[in-house]
Structure formats: C-alpha cells, structure tokens
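Okay, so the sequence shown: first residue is 169 according to the numbering used here, each after it adds one.
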Amino acid sequence: MEFVGTALAEMTMPQISPLAGEPIERADAERLAGVLKALADPARLRLLSLIQSAPEGEACVCDLTAPLGLSQPTVSHHLRILTEAGLLEREKRGVWAYYRLVPTAIATIADLLTPPRKRATKKAR
C-alpha cells in the first residue's frame, strides 16, 4: 500500500527562514504563507490532530465527518487544501480516500519558524 501525495511542502518550502536574519525572497514568503494559510483554520488543525492520533496514523474521510460535525463534502474540501499544501498524503482505496500526515512537512515548518538561536539550543539538548 503506497500513499501518493503532492508533498509540496518538501519541494516548495523556502530554504531560508524568515527569522534567519536575512530578508526572505518574495516567492519564498508567498509559498510559506500559502502553507500557513492552509494551517490557519480550526477545522484543518483538528483534521491534522485527528489523523495523527488515529490508530494507524491514517484516517478515512468517513471517520472524520462525525468528530468534526461537518458534512463529507466540507471535510473533503479541507483535506484537499491540506493535501495541496503538502501537509497530507492521500491514498484512494475503493470509494474511500485515506489520509496521513507528511512528517517532514510539519518539521520543516517548525524549523522555518524557529529562530536560529533557539534551533541550535533545541538540537543541543
């Protein structure tokens, strides 16, 4: 079983942090803002949490509608935005789609938003 995702976060994330002390390029700022915009929604944050905490680390749309209290089309819309942002991978099984987090995507975002001095302290521990 293989998950296929866009993993855009890995391919398009800026190489330099906006907090690194150097100005971030406009295109990099726009890419990072797009991913952060995908995260900046309570339903999407809950989706990431629900998927990560699922027993196999993956969840079907059918498992996510009730906990969110949203319709299947609305949940699918939010999942599509998270997938396009490179935060989720999607696998189609029959009529259902299963989603799992792209582990490196969240780590990349955290690194980009952690000031270099804090990052060095964190890794030294």
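Beta carbons: idealized from backbone N, C-alpha and C, even for Gly.
Residue j beta carbon less than 9 Å from that of residue i
{"i": "I219", "j": "A227", "result": "yes"}
{"i": "R212", "j": "H246", "result": "yes"}
{"i": "L250", "j": "L204", "result": "no"}
{"i": "A206", "j": "E257", "result": "no"}
Rounded C-alpha distance that separates residue i from residue j
{"i": "R248", "j": "R194", "result": "25 Å"}
{"i": "V229", "j": "T272", "result": "22 Å"}
{"i": "D231", "j": "L280", "result": "32 Å"}
{"i": "T174", "j": "E259", "result": "Residue placement at T174 is flagged as unreliable, the pLDDT there being 43, under the threshold of 50; a coordinate-derived value is accordingly withheld."}
{"i": "P283", "j": "P241", "result": "38 Å"}
{"i": "G202", "j": "P191", "result": "18 Å"}
{"i": "V263", "j": "L236", "result": "21 Å"}
{"i": "R214", "j": "R261", "result": "23 Å"}
{"i": "D196", "j": "T233", "result": "34 Å"}
{"i": "A265", "j": "T276", "result": "25 Å"}
Residue i: first and last residue of the uninterrupted beta strand (DSSP E) it sits in
{"i": "A253", "result": "Run containing A253: none; DSSP gives neither H nor E here."}
{"i": "E224", "result": "It is not in any beta strand (DSSP E) - E224 carries neither H nor E in the DSSP assignment."}
When the options are compared against residue i, the one with the closest alpha-carbon
{"i": "P210", "options": "R261, V270, E190, L238", "result": "L238"}
{"i": "Y267", "options": "A234, S244, A197", "result": "S244"}
{"i": "E224", "options": "I274, L269, I277, A275", "result": "L269"}
{"i": "I274", "options": "G254, T233, R261, L236", "result": "G254"}
Residue range of the unbroken alpha helix (DSSP H) whose run includes residue i
{"i": "E198", "result": "194 to 207"}
{"i": "A211", "result": "210 to 221"}
{"i": "L238", "result": "It is not in any alpha helix (DSSP H) - L238 carries neither H nor E in the DSSP assignment."}
Proximity test, Cβ basis, 9 Å: residue i and chain E
{"i": "V229", "result": "The displayed structure is made up of one protein chain only, and chain E is not part of it."}
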